[in-house]
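Below is one structure, written out as C-alpha cells, with a few remarks after it.
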Amino acid sequence: PSSEPIIIATWKNEAGTKAGWDKIMQTGKALDGVEAGAWVPEANPEETTVGYGGYPDRDGHVTLDACIMDHLGNAGSVTFLEGIMHPISVARAVMEKTPHVMLSGAGALQFALSQGFKQQNLLTEKSKKAWEAWKKESKYETKVNIERHDTIGLLALGKSGEIAGACSTSGMAFKMHGRVGDSPIIGGAVFCDDEVGGACATGLGEFVMKTLGSFLIVEFMRQGMSPQQACEAAIMRIVKRYKYQEFQVGYLALNKKGEYGAYSIQKGFNFTITKNGVTQVIESGYYMS
Ligand code: SD4
Numbered sequence: 023p024s025s026e027p028i029i030i031a032t033w034k035n036e037a038g039t040k041a042g043w044d045k046i047m048q049t050g051k052a053l054d055g056v057e058a059g060a061w062v063p064e065a066n067p068e069e070t071t072v073g074y075g076g077y078p079d080r081d082g083h084v085t086l087d088a089c090i091m092d093h094l095g096n097a098g099s100v101t102f103l104e105g106i107m108h109p110i111s112v113a114r115a116v117m118e119k120t121p122h123v124m125l126s127g128a129g130a131l132q133f134a135l136s137q138g139f140k141q142q143n144l145l146t147e148k149s150k151k152a153w154e155a156w157k158k159e160s161k162y163e164t165k166v167n168i169e170r171h172d173t174i175g176l177l178a179l180g181k182s183g184e185i186a187g188a189c190s191t192s193g194m195a196f197k198m199h200g201r202v203g204d205s206p207i208i209g210g211a212v213f214c215d216d217e218v219g220g221a222c223a224t225g226l227g228e229f230v231m232k233t234l235g236s237f238l239i240v241e242f243m244r245q246g247m248s249p250q251q252a253c254e255a256a257i258m259r260i261v262k263r264y265k266y267q268e269f270q271v272g273y274l275a276l277n278k279k280g281e282y283g284a285y286s287i288q289k290g291f292n293f294t295i296t297k298n299g300v301t302q303v304i305e306s307g308y309y310m311s
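So the UniProt record's numbering is basically just the index in the sequence shown, starting at one, shifted up by 22.
Structure (C-alpha cells):
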C-alpha cells in the first residue's frame, strides 16, 4: 500500500481538507486529519448543514450527528446532540473513552460536558431567520439539492498508509424533531477497513441508511472493484429500488493505494482532495442524465 498521505472530503471543503492535511503532516495520523478537517465547517457559521450555524429542525433545535472510525476498526458516534460546537470530537471521545460506539441526545451531551466540552447556542441569527421563513409555509420537504447539502464526510490515509473516516452534520434542514440520519451510522455514512479502504456518504440519509452504503462500498472494493466502480455500484443499489429522481445521494471512496472515486445520483455533487499539499475540487460523475 502507498504511504503517501491523502485526504478527501465531500463537497467543496478546501479549508477542511487543508486543515486535515496539515494535521496529518504534524502527527502523521489519518484519524487526526479527518477530525481536524471536520472542525472547519463545524465552526463556520456560514455553513448551514454542519455544526454552528446549521439549520435547525422544525422546532428550532440544531441537532447534530457525527461519527468517526479508525484503521483498527474502532468507531464512535453521537446522534441528536445539541449545543456542542465540535460533535466529531465528542464522537472520537466516545470511541476512545467509553466501551460504547454511540451516544445519543441528552446522554451524549452529558458525556460531552463531563469531558470538558462547552455548551453553547449553535443557532445563529441567520439560521434562525431561515427557520422563521420556512415556518411560514412549513412545507415538509425531504428533497435534496433544493438547498445546498454540505454535510462533511472525510477519508484519509496517514503517514503509515492507515485509513480513517469521519462525518459531521446538522442533518436535513427543518427535519422532524428527533430525526437522525445516516451521518452517525457506522457503515452508513462512514466505514473503513484497513485491509481495503474506506467510504463516506452525503445526501438524503434515509437512503444511505436503507442500503448501508459505506459498508457496501468497502465490501465491493474487497471483492475487487475500484473505488469508482464501488461508488457506482452502491448508487445503482439505490436507483434500482427507490424513486431516485426525487433526491440526492453522493458517495466517496478511497482505497489503500490512494485511489479514489465518487458518484452521485444527480448532477451537482463534488468533492475536495488534498494530496502532496495541493488542493483541488472535482466534480463527481452522476447517474441521472
Ligand atoms: C442527513 N446525510 O442527515 C445527511 C445530510 C447531508 O449534506 O448529507 N447533507 O441525511
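Glycine included, C-beta positions come from ideal geometry on N, C-alpha and C.
Beta-carbon proximity of residue i to residue j, cut-off 7 Å
i: E268; j: A52; result: no
i: L234; j: G209; result: yes
i: I174; j: P63; result: yes
i: residue 314; j: A134; result: No answer is possible for residue 314: it lies beyond the span of the chain, which begins at 23 and ends at 311.
i: V212; j: M243; result: no
i: V123; j: A113; result: no
i: T39; j: T301; result: yes
i: S205; j: D81; result: no
i: S190; j: P109; result: yes
Beta-carbon separation (whole angstroms), residue i vs residue j, contact threshold 8 Å
i: I90; j: A221; result: Rounded, the Cβ-Cβ distance is 14 Å, inconsistent with contact.
i: V261; j: G225; result: In fact, because the Cβ distance is near 13 Å, the residues do not count as touching under 8 Å.
i: H199; j: H83; result: 6 Å
i: D79; j: R201; result: 7 Å
i: L144; j: G73; result: 7 Å
Residue nearest to residue i in terms of C-alpha spacing, selected from the options
i: T294; options: T32, E26, P27; result: T32
i: I257; options: L144, K297, Y273; result: Y273
i: K289; options: E281, I304, L276; result: I304
i: Y266; options: S160, N298, Y282, S311; result: S311
i: N292; options: G283, E281, Y282, S306; result: S306
i: K150; options: K197, A115, G75, L131; result: G75
Start-to-end residues for the alpha helix (DSSP H) that takes in residue i
i: I208; result: Unbroken run through I208: none, as it is neither H nor E.
i: F237; result: 235-244
i: S149; result: 147-159
Host beta strand (DSSP E) of residue i (start-end)
i: G256; result: The amino acid at residue 256 is misidentified as Gly; the sequence shows Ala. Premise fails: A256 lies in the alpha helix (DSSP H), 249-263, not in any beta strand (DSSP E).
i: residue 13; result: Because the chain is modelled from 23 through 311, residue 13 falls outside the range shown and cannot be assessed.
i: G175; result: 174-179
i: G187; result: 185-191
i: D87; result: 86-91
i: E281; result: Premise fails: E281 is in no beta strand (DSSP E) and is neither H nor E.
i: K297; result: 292-297
At 4 residues or longer, what runs of the alpha helix (DSSP H) sit wholly inside the region 95-129?
109-119
3-residue-minimum beta strand (DSSP E) runs that sit fully inside the region 34-80, ordered along the chain:
none
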